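Trainee: Shown below is the structure under consideration.
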Amino acid sequence: MQMDEIRRLAERVAASHHLEVVDVEFGGGGKSRTLRVFVEKDAEERKRLAERAAKGEVEELPRGVPVELLSGVTHEDCAVFATDFGTLLDVEDVVPGAEYTLEVSSPGLERKLTRAEEFERFRGSLVKVKTFSPVHESRVWTGRLMGFAEGRLTVDASAVKQPRSASKKMAK
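Going by this note's numbering, the first residue of the sequence shown is number 3, and it counts up by one from there.
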């Protein structure tokens, strides 16, 4: 699978629609293969959304979430992107095999943070961190994202009550 090429093509189409590609996944087998692309409005469009929301021009925004953190993607954005990207995938023939399903959506609340810009954008938000190696005998931590610098993530685990097993291990 040429995932780097697929992502590059997705980013090219996304840029023409003022979108950014957050993640690309390919899974399944046989006739149930699925290519998932998660998109959000680019920084300029998210800024416009925040300005419009401040003026009261935007309705039905989720409460309790700062507008700057929302993806701003609509169903129409996903549909238009899917049509253009699907056509390009067919022309470029980068997905081997005849059958697969293309799914396009916003990253949602359970989004993965992978780039330095995302860690900075979501500073102050509650996050769940899963580590490869245990820290204080636990691999899953929840807390407030405090920062990201030089490849090091800082999370305030005291901001959220940890599962009993994790808090006991921290006390040791």
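Every residue, glycine too, gets a C-beta built ideally from N, C-alpha and C. Keep in mind that this is a model prediction, so the values were computed, not measured.
(1) For the candidate residues Glu101, Pro98, Glu46, whose alpha-carbon lies nearest to that of Met75?
(2) Can you tell which of Asp158, Met5, Cys80 has the C-alpha that lies nearest to the C-alpha of Gly126?
(3) Return yes when the Cβ of Phe83 is within less than 8 Å of the Cβ of Leu21, no when it is not.
(4) Leu91 and Val97: beta carbons closer than 8 Å?
(5) What are the boundary residues of the alpha helix (DSSP H) that Ser18 is part of?
(6) Below 7 Å CB to CB, which residues in the same chain sit around Glu1 once its five sequence neighbours on both sides are set aside?
(7) Just the Cα atoms here: how many angstroms apart are Arg54 and Arg10?
(8) Just checking my contact of Glu119 with Arg35 at CB under 8 Å: how many whole Å lie between their CB atoms?
Mentor: On the basis of the supplied data:
(1) Here residue 75 corresponds to residue number 73 of the sequence shown, with the count starting at 1. Note on identity: in this sequence residue 75 is Val, with Met being the wrong assignment. It is Glu46 whose Cα lies nearest to the Cα of Val75.
(2) What you label residue 126 is simply residue 124 of the sequence shown in a count that begins at 1. For Gly126, the nearest C-alpha among the options comes from Asp158.
(3) Sequence index remark: in the sequence shown, residue 21 carries index 19 (1-based). Sequence index remark: in the sequence shown, residue 83 carries index 81 (1-based). Taking 8 Å as the Cβ cut-off, Leu21 and Phe83 qualify as a contacting pair.
(4) Here residue 91 is taken as the residue at index 89 of the sequence shown, counted from 1. Here residue 97 is taken as the residue at index 95 of the sequence shown, counted from 1. Yes, they are a contact pair.
(5) Against the sequence shown, residue 18 aligns to sequence position 16. It spans 5-18 - the alpha helix (DSSP H) in which Ser18 sits, taken as one unbroken run.
(6) An answer regarding residue 1 cannot be provided, because it is not within the stretch 3 to 174 covered by the chain.
(7) For the purposes of this step, residue 54 is taken as residue 52 along the sequence shown, with counting starting at 1. For the purposes of this step, residue 10 is taken as residue 8 along the sequence shown, with counting starting at 1. When rounded, the distance between both Cα atoms is 31 Å.
(8) As a first step, residue 119 is located in the sequence shown; it is residue number 117 there, counting from the start. As a first step, residue 35 is located in the sequence shown; it is residue number 33 there, counting from the start. About 31 Å; that fails the 8 Å criterion.
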